[in-house]
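Below: one structure, written as structure tokens.
Residue numbers (full-length UniProt numbering): 1 to 491.
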């Protein structure tokens with residue numbers, strides 16, 4: 001269980017820093033929380049700055065002192081590795097750091113808050129006079145916190161085919177396998193067929209898809225990967241993430257009230273010098289401090305200081321990784337725009353589609369809170385929300401005559417269209433034209449949800465080519481939409 005405590009900004013009449021820990025201890029749920037012993041995330045406007053408030057009595061920094069004493073991790077925003085935490089509140093005489101994000105020791109996703117920044121672009125908005133802290137979530141480390149339905153979905157696998165370094169014999173074997181499967185289907189289900197055009201287009205399409213995928217599994221090398229399979233970080237950044245997780249796990253085992261195995265703790269302590277040596281190889285100016293494992297309080301304090309150092313450096317490295325990636329792909333896009341328009345379009349289309357799956361939604365129906373769990377109810381609630389959350393335009397026009405001159409020209413219908421512009425598009429597709437088009441398609445790509453890559457289509461022999469041509473003519477000439485395509489939505 002994860003307990004999240006959000007501390008709102010204090011009222012103008014009370015400018016003292018928050019006693020958030022006191023609020024939590026006085027809450028009626030405190031006894032129940034103690035039994036559950038959850039991981040905690042505490043965030044909000046504390047109205048307390050460690051530097052400017054250091055001369056005040058201790059009760060002004062009670063929450064910060066308490067979090068430090070309980071070995072919580074302070075997730076900071078750093079512009080560079082040599083600067084202190086970024087300020088979040090700016091005033092006429094300077095700036096201060098008043099907003100914080102803290103997580104308890106052993107948080108199940110150590111890299112969940114691996115990248116925290118202040119956001120100056122939101123500083124001018126009316127809803128806040130603070131710079132907003134935000135974090136980039138690494139969901140691959142949060143499996144233990146997911147609902148059972150999502151956990152099952154995350155554990156599912158998908159198959160990817162390895163097209164690189166394939167010989168012509170392998171492609172020929174695959175092509176023969178596809179044609180044999182397709183001929184077997186036609187012979188078994190439609191022995192008296194006179195023309196492919198008399199078959200149901202849906203059935204023909206599914207037979208084609210089934211033959212291709214079956215032939216690929218039997219003939220081509222493939223690999224099973226998880227649904228969370230993604231691009232890896234650089235070796236240096238991967239090593240830094242591993243060191244950060246190691247220190248977090250060791251702190252958790254030394255400070256938590258949960259039962260731990262002494263042998264595991266001893267093994268991790270023996271591995272600590274190796275981790276510090278790896279850290280020194282990543283940080284040129286870093287010197288391994290002299291430390292002792294006794295007393296335990298001093299050792300834990302040492303680990304906490306190293307964890308804070310690694311977390312701050314990791315934040316800057318994640319930021320630099322994002323900046324470098326943006327600069328690289330921006331330069332690559334500009335280069336392709338000038339030298340290779342086809343590559344420019346392919347790169348623009350190479351976008352990873354992401355979505356959020358809601359398995360529970362709490363809504364208010366007839367002034368009563370209602371928990372929705374059915375997927376169709378959740379979908380309708382989401383549609384209704386996004387239809388009402390956007391306000392109507394300030395100016396509404398009943399006809400194009402009321403548009404400004406610029407938009408009148410843009411939206412005025414064209415009186416006459418030259419038929420020569422579209423005659424060539426509506427003409428029948430020739431087999432040679434289809435073949436040349438498929439051969440010019442990019443590698444490792446598939447049209448729509450069919451999962452049939454262009455490499456597979458190119459490798460097919462005559463029977464498969466004829467069937468493809470028939471399907472294409474059906475689709476473009478009579479504008480028949482396949483049943484599977486109806487369910488496909490662009491996100």
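Built from N, CA and C at the ideal position, the CB exists for glycine as well.
- Sorting 316, 88 and 93 by C-alpha distance to the C-alpha of residue 99 places 88 at the top.
- In the structure shown, the three-state DSSP call for residue 367 is coil.
- Two segments are said to touch when three or more pairs of C-beta atoms, one from each, lie closer than 8 Å; by this definition the segment 331-338 does not touch the segment 421-436.
- Separation of residue 388 and residue 318 (C-alpha to C-alpha, rounded to the nearest whole angstrom) is 37 Å.
- Within the model, the alpha-carbon separation for residue 180 versus residue 213 is close to 13 Å.
- For residue 177 and residue 329, the gap between their C-alpha atoms comes out near 40 Å.
- By the Cβ neighbour-count rule, residue 244 is buried, with 16 or more other Cβ atoms within 10 Å of its own.
- Where residue 304 is concerned, the enclosing alpha helix (DSSP H) starts and stops at 296-339.
- Spanning the alpha carbons of residue 77 and residue 372 requires a straight line of approximately 37 Å.
- If you draw a straight line from the Cα of residue 64 to the Cα of residue 233, it comes to about 34 Å.
- The beta-carbon separation of residue 446 and residue 440, rounded to 15 Å, does not stay under the 8 Å limit for a contact.
- Apart from sequence neighbours up to five positions away, the residues of its chain that approach residue 236 with a beta-carbon distance below 7 Å are 282, ordered along the chain.
- Annotation for residue 422: the continuous alpha helix (DSSP H) segment containing it runs 420-426.
- In the DSSP assignment, residue 189 falls within the unbroken alpha helix (DSSP H) covering 168-189.
- When DSSP states are grouped into helix, strand and coil, residue 374 belongs to the coil group.
- Counting C-beta pairs closer than 8 Å gives three or more between the segment 238-256 and the segment 267-278, which meets the contact rule.
- Bounds of the alpha helix (DSSP H) holding residue 271 are 262-282.
- Beta-bridge partners of residue 361 (DSSP): 372.
- Within the same chain, 438 and 439 come within 6 Å of residue 458 by CB-CB distance, once the 5 residues on both sides are set aside.
- When only Cα atoms are considered, residue 316 and residue 303 end up about 20 Å apart.
- As computed with DSSP, residue 161 is found in a beta bridge with 222.
- With distances taken between CA atoms, residue 455 lies nearest to 166 out of 408, 297 and 166.
- Closest in C-alpha terms to residue 183, from the list 381, 74 and 207, comes 207.
- CA-to-CA, the gap between residue 161 and residue 221 works out to about 6 Å.
- Within the DSSP secondary-structure output, residue 102 pairs in a beta bridge with 42 and 74.
- Between residue 75 and residue 103, the C-beta gap is smaller than 8 Å, which places the two residues in contact.
- Residue pairing by DSSP places residue 89 opposite 96 and 130 in a beta bridge.
- In the DSSP assignment, residue 432 falls within the alpha helix (DSSP H) that extends over 431-439.
- Between residue 276 and residue 265, the gap from beta carbon to beta carbon reaches 8 Å or more.
- Bridge partners of residue 399 according to DSSP: none are assigned.
- Residue 237: member of the alpha helix (DSSP H) spanning 235-255, first to last residue.
- Between residue 130 and the set 402, 95 and 163, the nearest pair of CA atoms involves 95.
- DSSP links residue 453 through a beta bridge to 446.
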